[in-house]
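Number of protein chains: 2
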Amino acid sequence: MNLKISRVMGKDVNITRKEICADKPTVNKIIEAAIPLFATKGLAAVSVKELADAAGVNIALISYYFGGKDNLYAFVLENQLSILREAIDAISKEEISAVKKLRCFADILLVTNKKNPYIDRLFFTEVFNPTKYFDHLVKSAARHAHYFLQGCIEDAQSNGEFRADIDSDLAAMSLLKILNVSFTAQDLFKELMPSKQDIAAEYMSQAIEIYLTGVAKRP
Amino acid sequence: MNLKISRVMGKDVNITRKEICADKPTVNKIIEAAIPLFATKGLAAVSVKELADAAGVNIALISYYFGGKDNLYAFVLENQLSILREAIDAISKEEISAVKKLRCFADILLVTNKKNPYIDRLFFTEVFNPTKYFDHLVKSAARHAHYFLQGCIEDAQSNGEFRADIDSDLAAMSLLKILNVSFTAQDLFKELMPSKQDIAAEYMSQAIEIYLTGVAKRP
DNA sequence: GTCTATATTGCGATAGAC
DNA sequence: GTCTATCGCAATATAGAC
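Chains as they are written, first to last, in our numbering: chain A, 1 to 219; chain B, 1001 to 1219.
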């Protein structure tokens, strides 16, 4: 396979990062540099020169490999969202209780966040300021996450673990919001609570605890 | 007072929207058009032409009145955040219980959101993708909201209404996230739950209920 | 106050040398 | 595969007429 990625991108987006980058150090450097830039500033606020400088490569190589800034963004977005998708699918297959699945999801978000700290920031950036890629790349990921959470909540209601009087659609939405890690990791909060060692982990642990208590069926 | 706003901006940012715009229809049109554009696309993704077209005014008038796109953005941001600030201050002064204050805050967010649906979207856009105005205009608003929520939580813990074993800093953070209205109002969720009449109101009502149950001291 | 026309800059993409 | 030079374009701000 010696097609350019830009060509490949046009035909099939479902190519994992590893496949492409194993033996392509330049492509890899560009992607690694692009993820935090796009996640922290958004597509429009990042220039090609900025991407190239951050990656330590020549500015022309962005177009050479990806066919332009927008295509690179689309690739990064799809690539990162697929990690989220895979995590959800993996949990769905497990033969554990619905509540366990939710706890497991929170754990995985936290662990994934250590290695890929920008997945949910890219996601929420798109939710608050959608680009032309929102409908094609983000909507499906949002639905996927929503249905997973909603399914867990309804299962837990059937089991009698959760209260029957909560709306699973709305509850899935509040859960999605409360579980967002990247928000928690902002410098802003590091300043607000300088004593905390690992805000994300401490936050997640307490947040899921409060939530599960709030929706639990009382004896 | 017949100074240009751009001049005024440089000297004193604490000018309310009403004061300036009462007798200035053009200025008012520009601001009204700019709020949703900046909130939904972000500073970098909005062009001056786009702003002028949306306002129905000549493109040169943006610079004439505000001294450029960035200054207009700064004005809009400060203007909208001040509404949030005033709401918090008003509740703080009330002689009601901490839990009532939290419920009241949720209500006010909801009501405010009907008239000014873009306040928290501007806020969260800045949190996820900070611009050069973040430190100066947004940080203080975030601290203000955080300390308000944290204070309510600690008061409720002292009163014995909330559990003593939760961390008020982390709890304030989860509450700030869960109370965000603009996220809830995204088209995405309207599609996911088409049967809901007023997602924001229904969401808020359930979310605050779950949260307060989760942190309540149990008998 | 509002408009047209223009100056200027910076960006993104590409051609072509190496 | 990488680099330099450059083309074309879009965007912002401004000068000056009305």
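Glycine included, every Cβ here is placed at the ideal spot set by N, Cα and C. Just so you know, these numbers come straight off a predicted model, no measurement behind them.
For chain A, is any of its Cβ atoms less than 8 Å away from the one on B/S1174? Chain A contact via Cβ: present.
Q.
Just verifying my parser: in three-state terms, what is the DSSP assignment at A/A45?
A. coil
Margin query: Tell me which residues of the segment 1153-1174 of chain B have at least one Cβ-Cβ distance to chain A shorter than 8 Å, keeping chain order.
Written below: I1166, D1167, D1169, L1170, A1171, M1173 and S1174
Give the secondary structure of B/A1164 by DSSP, where H, G and I count as helix, E and B as strand, and everything else as coil. coil
Using DSSP bridges, identify the partner residues of B/A1216. DSSP, once it has assigned bridges, lists B/F1162 as partnering B/A1216.
- Item | Contacts around B/K1049, its chain only, beta-carbon distance under 8 Å, and the 5 residues preceding and following it disregarded | I1059
In angstroms, rounded to a whole number, what distance separates the CA positions of A/A90 and B/R1218? Looking at the backbone, the Cα of A/A90 and that of B/R1218 are separated by about 36 Å.
- Put B/T1040 into one of helix, strand or coil per three-state DSSP. helix
**Q.** Start and end residues, alpha helix (DSSP H) containing A/V57
**A.** From DSSP, A/V57 is part of no alpha helix (DSSP H); its letter is neither H nor E.
Margin query: Buried or exposed, going by whether 16 or more other CB atoms sit within 10 Å of the CB of A/K41?
Written below: buried
Restricting to Cα atoms, I'd like to know which of B/T1213, B/A1200, B/E1154 and B/D1167 is closest to B/A1098. B/E1154
Q: Answer yes or no: do A/A34 and A/V76 have a C-beta to C-beta separation smaller than 8 Å?
A: yes
Return the CA-CA distance between B/G1214 and B/I1208, expressed in angstroms with no decimal places. 10 Å
| task | Round the Cβ separation of A/Y73 and A/L43 to the nearest angstrom and send it over; I've been treating them as touching at under 8 Å. | result | 5 Å
Backbone CA spacing between A/D70 and B/Y1118 [nearest angstrom]
27 Å
- Task: Would you kindly check if the distance between the Cβ of B/H1146 and the Cβ of A/L192 is under 8 Å?
- Result: yes
message: If the criterion is Cβ atoms closer than 8 Å, does the pair A/R121 and A/A39 meet it?
response: yes
CA-CA distance, A/E78 and A/N28? 15 Å
How is the alpha helix (DSSP H) around A/F123 delimited, first residue to last?
-> I119 to F128
Review point. For the segment 36-61 of chain A, which residues have a CB atom closer than 9 Å to at least one CB atom of chain B, in sequence order?
Key: A39, T40, K41, G42, L43, A44, A45 and V46
Using a cut-off of 7 Å between C-beta atoms, extract the partners of B/F1124 located in chain A. F128
Note to self: Against B/R1143, what residues of chain A qualify as contacts under a CB-to-CB distance less than 8 Å, listed in chain order?
What the structure shows: L192
* Asked: Within the 8 Å Cβ cut-off, does B/V1215 reach chain A?
  -> yes
- Are A/A106 and A/L176 closer than 8 Å when you measure CB to CB? no
Quiz item: Hey, how far is the Cα of B/E1202 from the Cα of B/S1158?
Solution: 30 Å
Cα-Cα separation, A/T16 to A/V127: Note that A/T16 scores a pLDDT of 43, beneath 50, so its modelled location is shaky and nothing firm can be said.
For this session: Using a Cβ cut-off of 8 Å, pull out every chain A residue sitting near B/K1177, in sequence order please.
Result: K177, I178, N180 and F183
A/Y133 lies in the alpha helix (DSSP H); which residues open and close that run? Run containing A/Y133: none; DSSP gives neither H nor E here.
Quiz item: Mind pulling the chain B residues with CB within less than 8 Å of A/I210?
Solution: Taking the beta carbon of A/I210 as reference, the chain B residues within 8 Å of it are I1166, A1171, S1174, Y1211, G1214 and V1215, listed in sequence order.
*asked:* Let me check understanding here. Comparing Cα to Cα, which of B/Q1197, B/A1156 and B/T1026 lies closest to B/Y1064?
replied: Looking at the Cα atoms, B/T1026 is the closest of the given residues.
Could you tell me whether any Cβ in chain A is nearer than 8 Å to the Cβ of B/F1105?
-> For B/F1105, no CB of chain A lies under 8 Å from its own CB, so it is not counted at the interface with that chain.
query = If we cut at 8 Å on Cβ distances, does A/Q186 have a partner in chain B?
reply = yes
Going along the chain, which residues of its own chain have a beta-carbon closer than 8 Å to the beta-carbon of A/I166, five neighbours each way excluded?
I153, Q157 and V215
(Q) Against B/F1148, what residues of chain A qualify as contacts under a CB-to-CB distance less than 8 Å, listed in chain order? (A) Those do not exist, as B/F1148 stays about 13 Å from chain A at its closest Cβ, beyond 8 Å.
Residues in the same chain with beta-carbon distance under 7 Å from A/S92, minus the five sequence neighbours each way, listed in chain order, please. F148
Is there a C-beta anywhere in chain B that falls below 8 Å from the one on A/R85? For A/R85, the nearest beta carbon of chain B is not closer than 8 Å to its own beta carbon.
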